[in-house]
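For reference, the structure discussed in these notes is given below.
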Amino acid sequence: SERQPSGSVTTYGISVLREAFKILSDSQDSDALFTKLDETDISFPKQLSPSV
Amino acid sequence: QEEERQKSICPSAAAVGEAVKTIQHLMEKFSMDLLTVTQALLKNTGEVETTFNFLQTGQRLDGYPVWSREDDLELQKHDKNIRNKLIAKFGAENVAKRIAFRKS
């Protein structure tokens, strides 16, 4: 794939993220789930336990 | 008007495909689920490098906080004092990026 010039950043718009999420999600209502993620605050990310 | 609205928010398949790959990469890299990675991208204004650093260290590269729901709601108020408060909290560039992100 193409390399970006030094100093540039890759940014996705919210509609792109919504569509990508809908592709990856198994949820019946992935659209509503995405909206919920947008409307709730994030806590510090936790790693998944290997036993899960 | 509805057609124009749909057109303006309809992302390209190529961009969505790239985003899918990026999300999968972040999930694998940090052993995190889809919800966590997607929310991290949302709260970091869709910036991949910033989100990567946030997932790795719990902090943004520029030292500013991630966006909360309350911050997003205040961003919509178009009040000069509130806007200045957000600029003091996130920096002018990040506020401008957030406005563009919310409309994207």
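Taken in sequence, the protein lines are chains A and B.
Residue 36 is where the first sequence starts when you use my numbering, and the numbers rise one by one after that.
Residue 167 is where the second sequence starts when you use my numbering, and the numbers rise one by one after that.
Even for Gly, the Cβ is constructed at its ideal location relative to N, Cα and C.
Here the structure is a predicted model, which means the values were calculated and not measured.
{"Item": "CB contact flag (Asn210(B), Phe220(B), <7 Å)", "Value": "yes"}
{"Item": "Closest by C-alpha distance to Arg57(A), when choosing among Leu252(B), Leu200(B), Phe196(B), Leu192(B)", "Value": "Checking the displayed sequence, the identity of residue 57(A) turns out to be Lys instead of Arg. The candidate whose alpha carbon is nearest that of Lys57(A) is Leu200(B)."}
{"Item": "Per DSSP, the bridge partner or partners of Thr46(A)", "Value": "Glu213(B)"}
{"Item": "Where Pro177(B) meets chain A, residues with beta-carbon distance less than 7 Å", "Value": "Gly48, Ser50, Val51, Glu54"}
{"Item": "Helix, strand or coil at Met198(B) [DSSP, three-state]", "Value": "coil"}
{"Item": "Under 9 Å by beta carbon: chain D residues contacting Thr75(A)", "Value": "In summary, chain D is missing from the structure at hand, where the protein chains are A and B."}
{"Item": "Where Asp76(A) falls, given that 16 or more other Cβ within 10 Å makes a residue buried", "Value": "exposed"}
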